[in-house]
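Asks:
Numbering (my numbering), first residue to last: 10 to 86.
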């Protein structure tokens, strides 16, 4: 990833196994190239303690060309 942001102190209320759960969690946002998605997803699945962690990709509607170039350069393998 070109950049990772970690936000501690996120309170999540969700349903799991028929129960309502209320847990403190950490939110991680990673800015990366589409080509890196599968590797990042696999890494999270292998290292996350949850059976079903929230792993989602959000494609921006728009971004600056300079930012796009930066992400592309920083995520080359």
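Cβ coordinates follow ideal geometry from the N, Cα and C atoms, glycine included. Predicted, not measured: the structure shown is a model, and the values here were computed from it.
Could you tell me the distance, in whole angstroms, from the CA atom of residue 75 to the CA atom of residue 82?
Replies: Position 66 of the chain shown, counted from the start, is the residue given in the question as residue 75. Position 73 of the chain shown, counted from the start, is the residue given in the question as residue 82. Rounded to the nearest angstrom, the two C-alpha atoms are 11 Å apart.
Asks: Could you tell me the alpha carbon to alpha carbon distance between residue 47 and residue 59, rounded to whole angstroms?
Replies: On the chain shown, position 38 is the one that residue 47 refers to. On the chain shown, position 50 is the one that residue 59 refers to. Roughly 18 Å separates the two Cα atoms.
Asks: Rounded to the nearest angstrom, what separates residue 24 and residue 44 at their Cα positions?
Replies: Position 15 of the chain shown, counted from the start, is the residue given in the question as residue 24. Position 35 of the chain shown, counted from the start, is the residue given in the question as residue 44. So the two alpha carbons sit approximately 32 Å from each other.
Asks: Can you list the alpha helix (DSSP H) stretches of 4 or more residues lying completely in the segment 28-86, in chain order?
Replies: Whole alpha helix (DSSP H) segments, 4+ residues: 46-56, 74-83.
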